[in-house]
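Chemist: Protein chains in written order, with our numbering: chain A, -13 to 716; chain B, 201 to 624.
All residues carry an ideal CB built from backbone N, CA and C; glycine is no exception.
Every value quoted in this text rests on a predicted model; they were computed, and no experiment measured them.
(1) How would you write the range of the beta strand (DSSP E) that residue 480 of chain A sits in, first residue to last?
(2) My output table needs one value for residue 129 of chain A: the three-state DSSP class, helix, strand or coil.
(3) Among all the DSSP beta bridges, which residues are the ones paired with residue 343 of chain B?
(4) Take the Cβ of residue 447 of chain B as the centre, count every other Cβ of all protein chains shown within 10 Å, and call the residue buried at 16 or more, exposed below.
(5) At a CB-CB cut-off below 7 Å, which residues of chain B make contact with residue 230 of chain A?
(6) Of the residues A:528, A:406, A:328, which one's Cα is nearest the Cα of residue 426 of chain A?
(7) Taking the beta strand (DSSP E) that residue 569 of chain B falls in, what are its first and last residues?
(8) Any beta-carbon of chain B closer than 8 Å to the one on residue 141 of chain A?
(9) With DSSP as the reference, please indicate the residues paired to residue 637 of chain A in a beta bridge.
(10) Specify, as a first and last residue, the run of the alpha helix (DSSP H) that residue 452 of chain A falls within.
(11) Output the boundary residues of the alpha helix (DSSP H) element that contains residue 604 of chain B.
(12) Taking all protein chains shown into account, do 16 or more other C-beta atoms lie within 10 angstroms of the C-beta of residue 245 of chain A, making it buried, or fewer, making it exposed?
(13) Using a Cβ-Cβ cut-off of 8 Å (strictly less than) and excluding sequence neighbours within five positions of residue 614 of chain B, which residues of its own chain qualify?
(14) Can you list, in chain order, the residues of the region 366 to 385 of chain A whose Cβ is nearer than 7 Å to any Cβ on chain B?
(15) Please tell me whether residue 509 of chain B and residue 489 of chain B are closer than 8 Å, where the distance is taken between their beta carbons.
(16) Counting pairs of Cβ atoms below 8 Å between the region 507 to 521 of chain A and the region 473 to 492 of chain A, do you hit three or more?
(17) Step through the CB atoms of chain B and report whether any lies within less than 8 Å of the CB of residue 578 of chain A.
(18) Can you look up residue 589 of chain B in the DSSP assignment and give me helix, strand or coil?
(19) According to DSSP, what are the bridge partners of residue 618 of chain A?
(20) Please identify, using Cβ separations under 9 Å, the residues of the region 575 to 609 of chain B that lie next to chain A, in order along the chain.
(21) From residue 645 of chain A to residue 638 of chain A, what distance separates their C-alpha atoms?
(22) From residue 592 of chain A to residue 603 of chain B, what does the alpha carbon distance come to, in whole angstroms?
(23) So, helix, strand or coil for residue 116 of chain A, using DSSP?
(24) In the DSSP output, what is residue 508 of chain A paired with across the bridge?
(25) Do residue 576 of chain B and residue 546 of chain B have their C-beta atoms closer together than 8 Å?
(26) Nearest by alpha-carbon distance to residue 303 of chain A: which of B:354, B:263, B:397 is it?
(27) Going by beta carbon distance, what residues of the same chain come within less than 8 Å of residue 254 of chain B, once the five residues before and after it are set aside?
(28) Which chain B residues are close to residue 432 of chain A, counting only those with a beta carbon under 8 Å from its beta carbon?
(29) Residue 528 of chain A touches chain B at which residues, Cβ-Cβ below 9 Å?
(30) Give the interface partners of residue 399 of chain A over in chain B, defined as CB-CB distance under 8 Å, in chain order.
(31) When DSSP labels each residue in this structure, what does residue 438 of chain A get in the three-state scheme?
(32) Where does the unbroken alpha helix (DSSP H) through residue 564 of chain B begin, and where does it stop?
(33) Decide if the region 458 to 475 of chain A is in contact with the region 414 to 428 of chain A; the criterion is three or more beta carbon pairs, one per stretch, under 8 Å apart.
(34) Using a cut-off of 9 Å between C-beta atoms, extract the partners of residue 674 of chain A located in chain B.
(35) May I ask you to list, following chain order, the residues of the region 491 to 518 of chain B that have a beta carbon less than 7 Å from some beta carbon of chain A?
(36) Would you please verify whether the beta carbon of residue 402 of chain B is less than 8 Å from any beta carbon of chain A?
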């Protein structure tokens, strides 16, 4: 174990690590004793803190009796009583606040069920909004008292595909990406100028889907980047998803090999000449000295932190032996730099401390915690906002220990959001949040929806345009610092002619003229002529990706809304459940999907979840399986798009959005949660909730502006806290 | 560091995680005295997602005189080469029913051991076997997937049946062109000096890491070593590989059958040239909904998963089952057509076809479909239908296969013993 290997290092890690272990032991005992590991986001309660909490409890009457117990008795214990409680949940076992403290994940689940309206099930008496608030306030204050627990912040994880691509670009000071990446929706970004605070009215969206290769560029011959697996209810930077297989290592080797030997790379990289270039008439010794100086400048940037002399020496040693064998400065440097590029220090996003050579050097360096914290913050910021390594200014600020103050963080957030590199927030965070990629994998039935395909020529189906529509819309909210509530309802969108036709928007009316149909790359900012569309919910990408090949699926649409808009994805359908009989969908039989779902909900086991999932989906029944407006089902019946969301009745998408916006807090909190998941690269747990709710309230006070969300996340305890502590989870 | 044997690893799952097993297990082939003749057998798994229609799959009578069900009919001509097994079960763990069907199909974790925090995913049977049996070949194992979609739409727990450990998937290849290049093309020219340098850097780094981070570093070290081994072994076998006569396709096949057969051909080729002896191949990810074109079955692309959840579609789903069995039969025939010494390649093979779900509509974990082709070098039966007793665990079969491949273990996952009547 670590303690044996490097005692000095272990002692340096201060009490924190030890406390972490101890707390973990406590957590494990609790877990084994009572709770399913499935819920295991276990609290790390430091002994000192729980002691404090106990002392407090002795002085004041237990809040559990005032808030928790009455709530349970009124709404929960009828079913969840005793070991045979419904769904295996026994809430009668909790008698005092202390019991709750020991089972926060369970209570997190309780609160989630109640707030999402899943519990108590329909037909039972339901708590009022005030009662729910009282319960959540009490739980938040209970959690906050132990808010020292959190999970795995700052764990190492490899760079994902986008981070790798961006980091290579910035490391070698390239004007553009080096990789042929077909999954990118738009290949150029000249239109994207965040510092102007305004998106243009017309965007030329050059894309590999409709433009020839000459119109966009990459480096021919450079190997492609492997695709990362998607993450359900999370983002592609989630630490749990990013493993490193031998197959991937082979790709990294091929990539660094093909990149560093690429001719265009040599021409375009602003770093190439100084790093790899030869100097005429230089002595052998001079070359070796120059290489060492180059590596001293390059490696700390590649590793994105301070680097010890011993670490540099490993690589200058490699250069030297290569140089002695080959006599070529350039070749030797290429070999050395390819080693840097497959070093774990480069491939992993880390918050490593400089490696020890001997304990003296090491302890001197690591004792400078403040400096380390500054460098870690530089990395956190840049990977969050740019999906890339820190730039020179961030490194400079870190070296000067300026990166930890609120003022400096605010300044950096604004500076970084003005930089075009923040595009990755849209292409990664935004597009994954909205599950935009999903629309590309849906193939609507050719007979039922012939217009979806362009059969005469190789033109792309509208899915590509719809993905761009989502991207440009997200970017406009971001660049113009608009209210995040515009994601729900908005008056404008970016459409090309193909989408105007698809959405039945008359170009003459919104533009004053008709752009030619085959100009797929011309996107125009238009004002919606009516309230049917606007916002991400009634976008083609959402509507199609939540349909089957033949029909709409209110269940998929409802689940999408619960997941994306409320960050409250429904649990998966359990095993051994009879399927919904909906074979030919709303086509052949007399029952509409809606009527079939009504039957499904007659089954009580299904009703608990489907009462919550289905209604939001019904709101969008006015849009068919390829996202077009309709008034009747294929069987001739009139479309019924009415439903109820937590007691508020609605008819149709427009009213539904109003209902969502009537209580903005749930959406805002969910958006903050999504953003935080992306910022931290991990799933959230109940211990994060007090801070999440504080941020959401603060965003509301700042007029729901996009930058307020980003700034508050950066300033939050969750984003910064790991800098002070090193806690082991296992 | 003390050497550990495989038995220790399998018994103490916790220890397997905590120890850098990759290091500790090194150079132990001789010490473990595993039989060379046993390890010359090949073992392959072909996985069908979303279960099957059991009524059209399982034969009614047991023994050698069984009648093939409608879905298994394509194997009629191969009846002496296959063993049909019915009655095997797995334990379902509350949670997502599809992801654990595939990801825990071959797992060495007991059910209810949520090893990775959510699922019972631990090092899988193929990888446990590959640690030893795979040492002789450039690739300890290969992992293939016929997931034709370029941007994966399913998370890795839906798209992996092969795992090195909890959360650590053996990433599969889904592009036949890349599979070919990897198996038979130029080995990446990577200088030993580069590997030595990064290993030195990595070791230095490892000292500063906590335990969970070291698991990530184990992944790194594992990958580097695997590349190193592969390059060394591939150099040695390069000359024989240059004679391979195989037409590499210019583009990805559009139809399901073509895709599956092409991937399967590459697997057979890898066995034939002894590039590997262990392989897994997924027909597609669990829950995969992207419509696919099953040529000769339906006129339009259909979504297998969506269809399985509609019981009025059972007959059509069974046609997909039969379609998958046809591809399997093609590959069995191919193995049979290749001579390997006195016998055929098929005789020296154990080629498993199966799914982690019984009935897909209900996400049932009972009555799992299993067919095994080959004779495992004379180690197991063929030409029979084994009707396992009620409640027999799938892991019993895995234990039998593990023993057959030289694993000295008496339990695998939740097995209660080997499968009656399978091993000779």
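Modeler: Taking the definition as stated:
(1) 478 to 481
(2) helix
(3) B:480
(4) exposed
(5) 419, 420, 423
(6) A:528
(7) 568 to 573
(8) yes
(9) A:628
(10) 448 to 465
(11) 594 to 604
(12) buried
(13) 291, 310, 311, 593, 595
(14) none
(15) no
(16) yes
(17) no
(18) strand
(19) A:624
(20) none
(21) 11 Å
(22) 44 Å
(23) helix
(24) A:190
(25) no
(26) B:397
(27) 558, 559, 567, 569
(28) 500
(29) Here the premise fails: no neighbours, minimum Cβ distance about 16 Å.
(30) Result: empty, since nearest Cβ-Cβ is about 28 Å, beyond 8 Å.
(31) helix
(32) Segment: none, residue 564 of chain B is in no alpha helix (DSSP H) and carries neither H nor E.
(33) yes
(34) Those do not exist, as residue 674 of chain A stays about 17 Å from chain B at its closest Cβ, beyond 9 Å.
(35) 491, 500, 501, 503, 506, 509, 510, 511, 512, 513
(36) yes
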